[in-house]
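In this note's numbering, the protein residues as written are 9 to 358. Just below is one structure, and these are the notes that go with it.
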Amino acid sequence: EMLGLSVGVAIFGFVSYATWPDVNKSFALFIASGLSMLVCIFFMLKDTDGDTRSDVVDHRLARGRSVIISRVSRLQSARNLQDVIELDSDDEGDDEKDILMVKRRALQQEQASSHAPDEEEDTQADAEPSASASMGGLGYTQVMTYRQMYADPKRRRSLIFLSLVIFTFHLANSSTAPLLGQYMAINTVDPRSGLPIMTGLILTNTLSKAATNWALSNDRAAKIGYNKVLLIGSAALCTRLILISAFVNYFDNFWALGATQVLDGIGGGSVGLMVQLCSHLLSRRTGHFNLNMSIMTTWNYLGGMLGHILGSAIATEKSYEVAFPVLACFSVLPGLLSFGISMPDLKRID
Numbered sequence: 009e010m011l012g013l014s015v016g017v018a019i020f021g022f023v024s025y026a027t028w029p030d031v032n033k034s035f036a037l038f039i040a041s042g043l044s045m046l047v048c049i050f051f052m053l054k055d056t057d058g059d060t061r062s063d064v065v066d067h068r069l070a071r072g073r074s075v076i077i078s079r080v081s082r083l084q085s086a087r088n089l090q091d092v093i094e095l096d097s098d099d100e101g102d103d104e105k106d107i108l109m110v111k112r113r114a115l116q117q118e119q120a121s122s123h124a125p126d127e128e129e130d131t132q133a134d135a136e137p138s139a140s141a142s143m144g145g146l147g148y149t150q151v152m153t154y155r156q157m158y159a160d161p162k163r164r165r166s167l168i169f170l171s172l173v174i175f176t177f178h179l180a181n182s183s184t185a186p187l188l189g190q191y192m193a194i195n196t197v198d199p200r201s202g203l204p205i206m207t208g209l210i211l212t213n214t215l216s217k218a219a220t221n222w223a224l225s226n227d228r229a230a231k232i233g234y235n236k237v238l239l240i241g242s243a244a245l246c247t248r249l250i251l252i253s254a255f256v257n258y259f260d261n262f263w264a265l266g267a268t269q270v271l272d273g274i275g276g277g278s279v280g281l282m283v284q285l286c287s288h289l290l291s292r293r294t295g296h297f298n299l300n301m302s303i304m305t306t307w308n309y310l311g312g313m314l315g316h317i318l319g320s321a322i323a324t325e326k327s328y329e330v331a332f333p334v335l336a337c338f339s340v341l342p343g344l345l346s347f348g349i350s351m352p353d354l355k356r357i358d
């Protein structure tokens with residue numbers, strides 16, 4: 009995603025700069041990009057024989073239902089039947105790895121039991137009833153009703169506060185980069201210079217966001233803590249807007265202003281990743297991840313829309329020197345609201 013965005017921005021910026029002032033022609037690139045996406049989607053659903061695949065998406069997992077793998081090894085005493093391996097394996101997309109682990113464990117148990125002395129087997133058989141055959145299965149948790157899902161006060165409260173965090177974050181963040189690009193462009197001698205300036209700002213943000221997502225991958229975000237990552241993202245946004253406000257009013261340096269886009273990538277990468285992970289974690293075993301994620305996305309775009317209106321209105325009616333400090337005040341809200349989110353600890357093997 010980040011690579012495609014970076015390449016697209018670079019190409020679009022170069023074409024717009026080359027065709028200046030008639031930049032309308034460069035918008036044809038969006039049409040070509042959309043057609044390319046349709047072609048990729050069409051072939052993505054095909055297998056090697058050209059037939060349409062029906063197993064491309066596991067809709068049960070996509071809706072937030074958990075995979076349950078259970079096994080009772082044969083000749084296991086009835087007293088130990090409660091020691092069934094029950095694995096909830098939809099956390100980080102490691103279903104195949106977890107299933108393979110359980111199969112390997114079950115095979116080792118069967119091999120160990122087959123090499124055990126006959127006397128030990130007879131003793132176990134005389135002592136208590138035993139399972140006559142191996143039992144195993146792969147299933148999914150049941151789908152909750154909406155009432156059941158939101159009846160949990162911790163889940164309900166956390167989803168509300170997560171929505172507010174997303175809304176206020178994009179309320180303060182959405183218009184910052186466009187306003188910064190406009191401010192830098194109108195303060196240059198050649199208006200054409202605004203195109204490479206805006207391209208550079210977007211590329212800096214994209215590369216920083218990609219680095220942030222990489223730094224939080226491989227379960228590092230879970231080790232740090234989802235709430236702490238949300239705080240890091242909110243703090244990056246607040247720091248960025250404070251610095252921009254100071255630079256615009258007291259230290260007008262383009263290189264310093266452009267460098268603040270690194271913080272934009274850290275904030276956007278952290279919060280953007282946490283939106284998906286937190287929504288997934290709060291939707292676990294409900295069967296309604298798609299619903300909760302769509303609600304979060306709605307708050308995302310609603311905050312972004314109002315943020316663009318707010319930032320542009322202040323910059324138009326007052327000035328850029330006033331708009332950035334006002335947005336900086338709003339940037340405090342996501343960090344404060346993140347304290348209302350409680351993450352359940354469901355990563356366990358029963």
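Note that the Cβ used here is the ideal one computed from N, Cα and C, for glycine as well.
- Item | Proximity test, P204 beta-carbon vs the ligand NAP heavy atom, cut-off 6 Å | Questions concerning the ligand NAP fall outside what the structure shown contains, since it holds no ligand whatsoever.
- Query: Given that a residue counts as buried once 16 or more other Cβ atoms are within 10 Å of its Cβ, and exposed if not, what is W222?
  - Reply: By the neighbour-count rule (16 or more Cβ atoms within 10 Å), W222 is not buried but exposed.
- Item | Contact the region 257–268 vs the region 292–310: 3+ CB pairs below 8 Å | When Cβ pairs closer than 8 Å are counted between the two stretches, the region 257–268 is seen not to touch the region 292–310, the count staying below three.
- With 16 as the cutoff for other CB atoms within 10 Å, does I194 come out buried or exposed? By the neighbour-count rule (16 or more Cβ atoms within 10 Å), I194 is not buried but exposed.
- In angstroms, rounded to a whole number, what distance separates the CA positions of G202 and Y158? Distance between the alpha carbons of G202 and Y158: 48 Å.
- Message: Does I317 pass the burial test, meaning 16 or more other C-beta atoms within 10 Å, or should it be called exposed?
- Response: Per the 10 Å Cβ criterion, exposed.
- Item | Residues of its chain near V334, where Cβ-Cβ distance is below 6 Å and the 5 sequence neighbours each way are ignored | Same-chain partners within the cutoff: I322.
- Query: Taking buried to mean at least 16 other C-beta atoms within 10 Å of its own C-beta, is P352 buried or exposed?
  - Reply: Only exposed fits P352, as fewer than 16 other CB atoms lie within 10 angstroms of its CB.
- Sequence-distant residues of the same chain with beta carbon closer than 6 Å to K241, five excluded per side: Looking at the sequence shown, residue 241 is not Lys but Gly. G275, S278 and V279, listed in sequence order.
- Out of S291, L344, F35 and K236, which has the shortest C-alpha to C-alpha gap to Y154? Ranking the options by Cα distance to Y154, first place goes to S291.
- Work out the CA separation of N213 and A18 for me, nearest whole Å. Annotation: A18 to N213 spans about 13 Å, alpha carbon to alpha carbon.
- Item | C-alpha gap between T268 and G189, whole angstroms | In a straight line, the C-alpha of T268 is about 12 Å away from that of G189.
- Message: I'd like the span of the alpha helix (DSSP H) that includes I174, first residue to last.
- Response: Element bounds for I174: P161 to N181.
- Item | Counted within 10 angstroms of its Cβ, other Cβ atoms place N32 as buried (16 or more) or exposed | The residue in question, N32, is exposed, as its Cβ has fewer than 16 Cβ neighbours within 10 Å.
- Message: Using a Cβ-Cβ cutoff of less than 6 Å, which residues in the same chain neighbour S166 once the five nearest sequence positions on both sides are dropped?
- Response: For S166, where only same-chain residues beyond five positions count, the Cβ hits under 6 Å are L290, I349 and S350.
- Task: Go through its chain and collect everything with a Cβ distance to L285's Cβ below 7 Å, but skip five positions before and after it.
- Result: Result list for L285: A229 and Y234, in chain order.
- Query: With 16 other CB atoms within 10 Å as the buried threshold, where does K217 fall?
  - Reply: Around the beta carbon of K217, a 10 Å sphere encloses 16 or more other beta carbons of the protein chains shown; the residue is thus reported as buried.
- Separation of L265 from V256, as counted between CA atoms: Whole-angstrom Cα-Cα distance: 8 Å.
- Task: Would you give the residue range spanned by the alpha helix (DSSP H) that G312 belongs to?
- Result: Run containing G312: F297 to E325, per the alpha helix (DSSP H) assignment.
- Message: On the DSSP letters alone, give me the boundaries of the alpha helix (DSSP H) that V279 sits inside.
- Response: It spans Q269 to L290 - the alpha helix (DSSP H) in which V279 sits, taken as one unbroken run.
- Note down the Cα distance separating S34 from A26, rounded to an integer number of angstroms. Spanning the two alpha carbons is a distance of roughly 10 Å.
- Which residues bound the alpha helix (DSSP H) around G189? Element bounds for G189: T184 to I194.
- Message: Taking the straight line between their C-alpha atoms, what separation do you get for S287 and M304?
- Response: A direct Cα-Cα distance of roughly 8 Å separates S287 from M304.
- Near W307, what residues of its chain come up, given a Cβ to Cβ distance below 7 Å and the 5 sequence neighbours on each side ignored? These residues qualify, in order along the chain: S171, I174 and F175.
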